[in-house]
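**Q** Per full-length UniProt numbering, the very first residue in the sequence shown carries number 1; after that it's consecutive. Have a look at this one before I ask anything.
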Amino acid sequence: MLLPALLLVMQAQAAAASPAYPEDAVLAAFKGACTSLESAATADAAIRAAGWERFTPDPDSPFGELVAFGKSVPLPHEGGEYRRTVAGRPLELALSAVDNGEEGITVGCRVYDMTADAPLSDAAVRRFGGEGFRKTDIPEVFLSYIWEPGVVARDHSKTQIGFVPKGSEVAAQLHVVGVSLMAQRINAKGSGTE
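Following this line, the structure appears as structure tokens:
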């Protein structure tokens with residue numbers, strides 16, 4: 001009789017000690033930063049206006065390694081790295097504008113919480129982007145929700161919400177662990193938005 005009561009108390013203490021992940025606040029910060037993707041300059045201004053600060057990531061940090069991997073792509077590109085704390089969560093943002101030749105300029109805005117231990121809930125994902133997503137769920141490996149066209153803004157080509165657990169077999173290939181949020185827009189050359 002004492003053991004079940006003790007277990008209940010321990011569960012209650014554990015729940016009180018670890019507050020729920022601030023899904024809606026993190027998603028709102030993502031949307032606030034990653035809506036204006038007409039160009040790298042427009043996106044940079046919107047990101048800064050949303051309260052993100054530009055910084056140089058530690059090259060040995062997971063985010064620093066991801067940024068170095070992204071910059072190793074042999075295509076003309078520009079962008080920047082930013083950070084912000086949202087509801088106690090350390091978020092990092094990578095902005096990139098890559099010239100894909102005839103395809104145009106792809107502007108991407110990616111927010112990461114590489115310290116997150118669990119994916120965003122289905123309910124939070126649906127509140128954010130509604131239905132119409134393509135979901136890939138490989139337990140202990142990778143979880144992804146993709147909307148094409150994107151849902152952050154009407155002119156976006158893609159939105160993705162993902163999660164890669166620590167220890168996943170694909171973490172090294174993707175250079176990511178934790179929660180990742182991505183908005184992307186492809187700007188045609190000669191449209192005045194590149």
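In this text, a Cβ means the ideal position worked out from N, Cα and C, and glycines have one as well.
If you draw a straight line from the C-alpha of Thr-56 to the C-alpha of Pro-90, how long is it?
**A** Going from the Cα of Thr-56 to the Cα of Pro-90 covers about 15 Å.
**Q** Could you give the residue range of the alpha helix (DSSP H) that holds Leu-95?
**A** Run containing Leu-95: none in the alpha helix (DSSP H); it sits in the beta strand (DSSP E), 89 to 99.
**Q** Which residue from Gly-101, Pro-62, His-175 puts its Cα closest to that of Pro-74?
**A** Checking every option, the nearest Cα to that of Pro-74 belongs to Gly-101.
**Q** Given this structure, state the Cα-to-Cα distance separating Lys-158 from Ser-168, to the nearest angstrom.
**A** Their Cα atoms are separated by approximately 24 Å.
**Q** On the criterion of 16 or more Cβ atoms from any shown chain inside 10 Å, does Ala-118 qualify as buried, or is it exposed?
**A** Exposed is the call here.
**Q** Helix, strand or coil: which one does DSSP assign to Gly-70?
**A** Three-state DSSP puts Gly-70 in a helix.
**Q** My parser needs the alpha helix (DSSP H) runs of 4 or more residues fully inside the region 131 to 166; what are they?
**A** Counting whole runs of 4 or more residues, the region 131 to 166 contains no alpha helix (DSSP H) stretch at all.
**Q** Take the Cβ of Ser-36 as the centre, count every other Cβ of all protein chains shown within 10 Å, and call the residue buried at 16 or more, exposed below.
**A** Ser-36 is buried by the Cβ-count criterion.
**Q** If you check the beta carbons only, do Ala-94 and Val-125 fall under 9 Å apart?
**A** It is not a contact, given that the beta carbons lie outside the stated cut-off.
**Q** With the cut-off set at 9 Å, would you say Ser-96 and Val-107 are in Cβ contact?
**A** Taking 9 Å as the Cβ cut-off, Ser-96 and Val-107 qualify as a contacting pair.
**Q** Do Lys-166 and Ile-105 have their beta-carbon atoms positioned less than 9 Å apart in this structure?
**A** Contact: no.
**Q** Check the C-beta distance from Cys-34 over to Ala-183 and give it rounded, since I have them as a contact under 8 Å.
**A** Confirmed, about 4 Å.
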